[in-house]
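Enquirer:
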Amino acid sequence: MIRAQGLERRYGLKRVLHGVDFELGRGGFLVVTGPNGAGKTTLLRLCAGLALPSAGTLEIEPDRSRIGFLAHEPLVYLELTALENLDLYSRLYRVPERRERIGMLLERFGLWEARRERASALSRGQLQRLALCRTLLHRPELVILDEPFAGLDADGAALLDRELAALRGERTLLVATHDPKRLEPLASGRLSLA
Amino acid sequence: MRSYLSDAAVLARKDLRLELRARDTLPAMLLFVLSVLAVFHFALPSGSSRLAEFGLLWVAIVFTALLGLGRAFVAEREQGLLDALVLAPCDRSTIWLAKGIATFAFLAVAEVVALPAFALFFSPVSWATIGGVVLADLGICSVGVLLSAMAAAGRARELLLPLLFLPLALPIVIGGVGASVVHAPGRYLGLLALYDAIFTLLAWASFEYVVTE
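First to last, the protein sequences are chains A and B.
Every letter in the first sequence is one number past the one before it in my numbering, and letter 191, counting from 1, is 191.
Every letter in the second sequence is one number past the one before it in my numbering, and letter 213, counting from 1, is 407.
1. So which residues on chain A does Val204 (chain B) lean against when the C-beta distance must stay under 8 Å?
2. Would a check of beta-carbon distances place Ile60 (chain A) closer than 8 Å to chain B?
3. Given this structure, state the Cα-to-Cα distance separating Asp201 (chain B) from Phe316 (chain B), to the nearest angstrom.
4. Consider the Cβ of Leu275 (chain B): report whether some Cβ of chain A lies at a distance smaller than 8 Å.
5. What is the DSSP secondary structure of Ser123 (chain A), reduced to helix, strand or coil?
6. Which of helix, strand or coil does DSSP assign to Phe312 (chain B)?
7. What are the start and end residues of the beta strand (DSSP E) that includes Ala187 (chain A)?
8. For Ala232 (chain B), which of B:Leu364, B:Ala308, B:Leu383, B:Leu354 has the nearest alpha-carbon?
9. Determine the contact status of Ala269 (chain B) and Leu210 (chain B), defining contact as a CB-CB distance below 8 Å.
10. Find the residues of chain B that neighbour Glu73 (chain A), judging by a C-beta separation of less than 7 Å, and give them in chain order.
11. From which residue to which residue does the beta strand (DSSP E) around Glu23 (chain A) run?
12. Indicate whether Gln128 (chain A) and Ala114 (chain A) have their beta-carbon atoms separated by less than 8 Å.
13. Does Tyr77 (chain A) have its Cβ less than 8 Å from a Cβ in chain C?
14. With DSSP as the reference, identify every bridge partner of Gln5 (chain A), one or two as the case may be.
15. Pull up the distance between the alpha-carbon of His72 (chain A) and that of Arg286 (chain B), whole angstroms please.
16. For the candidate residues A:Gln5, A:Leu142, A:Ser188, whose alpha-carbon lies nearest to that of Ser54 (chain A)?
17. Indicate the three-state DSSP secondary structure (helix, strand or coil) for Val175 (chain A) in the structure shown.
18. Give a yes or no on whether 8 Å exceeds the smallest Cβ distance from Arg212 (chain B) to chain A.
19. Is there contact here, the segment 168 to 178 of chain A with the segment 128 to 148 of chain A, by at least three beta-carbon pairs under 8 Å?
20. Would you say the segment 257 to 273 of chain B touches the segment 219 to 226 of chain B, given that touching needs at least three Cβ pairs under 8 Å?
21. In chain B, which residues lie less than 8 Å from Arg15 (chain A) when you measure between Cβ atoms?
22. How many angstroms separate the CA atom of Leu301 (chain B) from the CA atom of Val230 (chain B)?
23. Based on Cα-Cα distance, which residue from B:Pro283, B:Thr288, B:Trp290, B:Ala292 lies nearest to Arg94 (chain A)?
24. Measuring only between beta-carbons, confirm whether Glu407 (chain B) sits less than 8 Å from chain A.
25. Considering just the uninterrupted stretch of the beta strand (DSSP E) at Thr323 (chain B), what are its terminal residues?
26. Can you tell me whether DSSP reads Tyr89 (chain A) as helix, strand or coil?
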């Protein structure tokens, strides 16, 4: 699903990633850890196809239509409602039975009551839940999550634990986190960036 | 083709809806074009030539367009949303087309107000001028949206967009002013149509390389 060899990424003279090798098979769950500035976000952006490696090889099996990417930012339009945001992405991804899918995700992530609220009026935790809905909307084969627990309260974090447990084995997961212990029971591998 | 147009329509509707909610581009464009025409009205000596008057009209149109173009990618830039659009499985040039449609709509509304105001302050506007404005808008939006996306990716975006756009808008001003003041405007309208054809094709083909690495 993902195979990286000697992966390197530079921004100008600054080398952000160097000599990263890993393999993540279908259905695998790889946790990426490392201190701030270690290149976790850069690695995830490379795997999502949002950036190109400066050196090394990176093979990613599904095309971009089958990748779900949760970034630091929620990647939703703040002037649109939660429902409008998900409707926009579901049309772009051609999600079948999109109304049912959107309704189901909003219910599951506890956003049904807030569905007609503009994203700008949502709390940080609700925005993160909406971002998770957007990420999973098109049932991606490869799910890439950058600090998915950021901004979530205890209930939200427990909900995400359950979601990740349900996705494990069924989807391929690549998750960057500062809290690897939380994901230890689920993970099939761990990549530490220095 | 149908899915291409439907993706562009979905994205354009989103841009128009965002403007209806936020109202931060169109009112600014309207106020700007009216202010500029009012300033020109008092700055231009009485008895000035039609060439000078229409020259100022086209300067006002280009700078008003620049104002709208500068805001075309604000939501995407401030919230990192270009990543989400680039990741979506639609053709990336639909982002350009949708932004072009939305910017064209804002510019057209500004001109619906600006042309009567120009007629009030200066001279009546001919059909050739209106035709020139429509053709010019197509070129302005196709080139401008591409440059706006390029500028949005850079640091000095407020400086970069005018520096890139104004030299490329020169043929538009020449064609527009020419079509407005000569008796047989066909040649100048042809120039604008040719500009539209060439630059729309170039912008459409190159947009993907602007928003991806």
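Just so it is clear, CB atoms sit at the ideal spot from N, CA and C, and this is done for glycine as well.
Values in this document were obtained by computation on a predicted structure and should not be read as measured data.
Expert: With the structure as the only source:
1. What you label residue 204 (chain B) is simply residue 10 of the second sequence in a count that begins at 1. The contacting residues are Leu88, Arg91, Leu92.
2. Looking up residue 60 (chain A) in the first sequence gives position 60. Chain B contact via Cβ: absent.
3. The count along the second sequence starts at 1 and reaches residue 201 (chain B) at position 7. The count along the second sequence starts at 1 and reaches residue 316 (chain B) at position 122. Cα to Cα, Asp201 (chain B) sits roughly 42 Å from Phe316 (chain B).
4. Translated into positions along the second sequence, residue 275 (chain B) becomes position 81. Yes, its Cβ sits closer than 8 Å to a Cβ of chain A.
5. For the purposes of this step, residue 123 (chain A) is taken as residue 123 along the first sequence, with counting starting at 1. If DSSP states are grouped into helix, strand and coil, Ser123 (chain A) belongs with coil.
6. Here residue 312 (chain B) refers to the residue found at position 118 when the second sequence is read from its first residue. In this structure, Phe312 (chain B) counts as helix in the three-state DSSP scheme.
7. Walking along the first sequence from the start, residue 187 (chain A) turns up at place 187. Neither: Ala187 (chain A) is in no beta strand (DSSP E) and is coded neither H nor E.
8. Taking the second sequence and counting its residues from 1, one reaches residue 232 (chain B) at position 38. Selected option, being the one with the closest Cα: B:Ala308.
9. Position 75 of the second sequence holds residue 269 (chain B). Position 16 of the second sequence holds residue 210 (chain B). Going by C-beta atoms, Ala269 (chain B) is not nearer than 8 Å to Leu210 (chain B).
10. For the purposes of this step, residue 73 (chain A) is taken as the residue at position 73 of the first sequence. Within 7 Å Cβ-Cβ: Gln273, Gly274.
11. Taking the first sequence and counting its residues from 1, one reaches residue 23 (chain A) at position 23. Residues 14 to 24.
12. To locate residue 128 (chain A), count along the first sequence from 1; it is residue 128. To locate residue 114 (chain A), count along the first sequence from 1; it is residue 114. No, they are not a contact pair.
13. Absence of chain C from the displayed structure is noted, the protein chains being A and B.
14. In the first sequence, counting from the first residue as 1, residue 5 (chain A) sits at position 5. In DSSP, Gln5 (chain A) forms a bridge with A:Thr57.
15. Looking up residue 72 (chain A) in the first sequence gives position 72. Looking up residue 286 (chain B) in the second sequence gives position 92. Roughly 22 Å between the two C-alpha positions.
16. Position 54 of the first sequence, counting from 1, holds the residue named residue 54 (chain A). Comparing Cα positions, the closest option is A:Gln5.
17. Working through the first sequence from its first residue, we reach residue 175 (chain A) at position 175. Val175 (chain A) falls in the strand class under three-state DSSP.
18. For this step, residue 212 (chain B) is matched to residue 18 along the second sequence. The question names Arg, but residue 212 (chain B) is Leu in the sequence shown. Nearest CB-CB separation between Leu212 (chain B) and chain A: below the 8 Å threshold.
19. yes
20. yes
21. The count along the first sequence starts at 1 and reaches residue 15 (chain A) at position 15. Correct list: empty, because the minimum Cβ distance to chain B is about 17 Å.
22. Here the question's residue 301 (chain B) lines up with position 107 in the second sequence. Here the question's residue 230 (chain B) lines up with position 36 in the second sequence. Rounded to whole angstroms, Leu301 (chain B) and Val230 (chain B) show a C-alpha spacing of 15 Å.
23. In the first sequence, residue 94 (chain A) corresponds to position 94, counting from 1. Out of B:Pro283, B:Thr288, B:Trp290, B:Ala292, B:Pro283 has the C-alpha closest to the C-alpha of Arg94 (chain A).
24. Position 213 of the second sequence, counted from the start, is the residue given in the question as residue 407 (chain B). Glu407 (chain B) has a beta carbon lying within less than 8 Å of a beta carbon in chain A.
25. Working through the second sequence from its first residue, we reach residue 323 (chain B) at position 129. Membership of Thr323 (chain B) in any beta strand (DSSP E) is not indicated; the residue belongs instead to the alpha helix (DSSP H) covering 321 to 347.
26. The count along the first sequence starts at 1 and reaches residue 89 (chain A) at position 89. DSSP places Tyr89 (chain A) in helix when its eight states are reduced to three.
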